[in-house]
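What follows is a single structure, written as structure tokens, with notes after it.
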Amino acid sequence: MFNVTTSHDLVKFTSHPTIISLASLLCLMLILLLSSIVKSNKSCKVFLVDFACYKPPSTQICTSKMFSDRARLCGKFSETSLEFMQMILEKSGLGQSTYSPEALLRIPVDPCLEDARREAEMVMFGAVDELLAKTGVEGKDIGIVIVNCSIFNVVPSLCAMIVNRYKLGEDTVSYNLSGMGCSAGLIAIGLSKQLLQVRHNTYALVVSTENMSQSSYSGDDRSKLINNCIFRVGGDAILLTNRPFDHHIVKYQLIHTVHTHTARYDLSYNCIFQEEDHKGQTGVNITKDLVIVASKTMKAHVITLGRQVLPIQEQMLYVANYIIRRFALAKVDPYVPNFKK
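Written out as structure tokens, the structure is:
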């Protein structure tokens, strides 16, 4: 025990080797604690390493004429529906080298669950195989897997198919997104970014696809026939990482992700809706309201993104312009911010 009664004793006490060692140890612990707090509060940088798109074999090429011929041969559509689908094909912008699922190219067309599963495996594995070959990343290095496919859900899940195929680790975090439409790809990217900011030194694999083998509509409801015309077969795989030693090989840094959810509004909720028609045929109903909903959502996106990426000068100019127009202080055109600054 130390007995400190005078200032001289205090000097001797503080200069004792044991006290100095203890103080040094406490300082080191404090530094480590502060360092860990700062590290935990600091978001990891997220990067896109590379991506790959699946390209089906040439035997699955489907021209507009092939599509129309098979639709007629299956005998499930009225002449009016066939003419409507032909019009959609001509206005859709699809070329003559798109690809169709194998099950929909057969005659007669009678797809089953196994056909849909085979399509999913061909697309996902084809894209992931190419991606891993390009990057040199092995399955054991991937800690996060996110798959999005709106209309095809199967047990085991699409995520489980990938985990099994590439023998990923038992600690792999996986998410299977469904029913979220074309925006699910971006939602998956946003989710992967959030996961990479809390799980360090790993890779995230994001696979986006759609599956039409069992999802084509065989009735005469026009709003459901659109789905038959604009969707084909395809998918992509994206590899993201937060590993600090991969910065020299990455293509892009993911800085901002914006998510605007408008399902609270009936117009948004009902614009794309899977349901049965009056004959019991299941299809995806795509209404004209989709254009209105999409434009409003994009506007909300731009406003949110603008606050994150625009310099303060551009934001001030936009606000000043809005106030002038809102209170009719002067007749001016709406100000369009310069997103290139």
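Going by the working numbering, the sequence shown opens with residue 18, and the numbers climb by one from there. Every residue, glycine too, gets a C-beta built ideally from N, C-alpha and C.
_Rounded Cβ spacing between F84 and A133 (contact assumed at less than 8 Å)_ = Locating residue 84 in the sequence shown gives position 67, counting from the first residue. Locating residue 133 in the sequence shown gives position 116, counting from the first residue. No, F84 and A133 are not in contact; Cβ-Cβ is about 19 Å, not under 8 Å.
Where does A345 fall in DSSP's three states?
Along the sequence shown, one-based indexing puts residue 345 at 328. Coil.
Leaving aside the five residues before and after T258 along the sequence, list all residues of the same chain whose C-beta is less than 6 Å from its C-beta, in chain order.
Working through the sequence shown from its first residue, we reach residue 258 at position 241. Around T258: F64, V66, Y220.
| query | What residues in its chain sit with their C-beta under 7 Å from that of N355, if we drop five residues either side in the sequence? | reply | Residue 355 sits at position 338 when you count from the first residue of the sequence shown. Taken in chain order, the residues that qualify are E331.
Practice item. Report the rounded CA-to-CA distance for C79 versus K62, giving the unit in angstroms. Key: Taking the first residue of the sequence shown as 1, we reach residue 79 at position 62. Taking the first residue of the sequence shown as 1, we reach residue 62 at position 45. Distance between the alpha carbons of C79 and K62 is about 42 Å.
| request: Leaving out five residues on either side along the sequence, give the residues of the same chain with a beta carbon under 6 Å from the beta carbon of E349. | output: Here residue 349 refers to the residue found at position 332 when the sequence shown is read from its first residue. Looking at the sequence provided, one finds Val at residue 349 rather than Glu. These residues qualify, in order along the chain: I341.
Notebook entry, point to check: What did DSSP end up calling Q291 once you bin it into helix, strand or coil?
Noted result: Here residue 291 refers to the residue found at position 274 of the sequence shown. Collapsing the DSSP output to three states places Q291 in a strand.
Check: Applying the criterion that 16 or more other CB atoms from any shown protein chain within 10 Å of the CB defines a buried residue, is P351 buried or exposed?
Finding: Here residue 351 refers to the residue found at position 334 when the sequence shown is read from its first residue. Burial state of P351 is exposed, judged by a 10 Å Cβ sphere holding fewer than 16 other Cβ atoms.
What does the alpha-carbon distance come out to for the pair I247 and I159? For the purposes of this step, residue 247 is taken as residue 230 along the sequence shown, with counting starting at 1. For the purposes of this step, residue 159 is taken as residue 142 along the sequence shown, with counting starting at 1. I247 and I159: Cα-Cα distance of roughly 33 Å.
How about the region 221-231 and the region 261-274: do they share at least three Cβ pairs that are nearer than 8 Å?
-> no
How should M315 be labelled, buried or exposed, when 16 other C-beta atoms within 10 angstroms of its C-beta is the threshold for buried? Within the sequence shown, numbered from 1, the residue matching residue 315 stands at position 298. Under this definition M315 is an exposed residue.
Discussion item. For V154, report the span of its beta strand (DSSP E) as first-last.
Written reply: Reading the sequence shown from its first residue, position 137 is the one you call residue 154. Run containing V154: none; DSSP gives neither H nor E here.
message: Rounding to the nearest angstrom, what Cα-Cα distance links L203 and K93 in this structure?
response: Locating residue 203 in the sequence shown gives position 186, counting from the first residue. Locating residue 93 in the sequence shown gives position 76, counting from the first residue. For the pair L203 and K93, the Cα-to-Cα distance works out to about 35 Å.
task: Grab the span of the beta strand (DSSP E) containing A221 for me, first residue to last.
output: Taking the first residue of the sequence shown as 1, we reach residue 221 at position 204. A221 -> beta strand (DSSP E) spans 220-226.
Practice item. Taking only the alpha-carbon atoms, compute the straight-line gap between L149 and R249 and give it to the nearest angstrom. Key: Locating residue 149 in the sequence shown gives position 132, where the first residue counts as 1. Locating residue 249 in the sequence shown gives position 232, where the first residue counts as 1. Taking the straight line joining both Cα atoms gives about 25 Å.
Can L213 and V145 be called in contact, C-beta distance under 8 Å?
If you number the sequence shown from 1, residue 213 lands on position 196. If you number the sequence shown from 1, residue 145 lands on position 128. Note that the C-beta distance between L213 and V145 is not below 8 Å.
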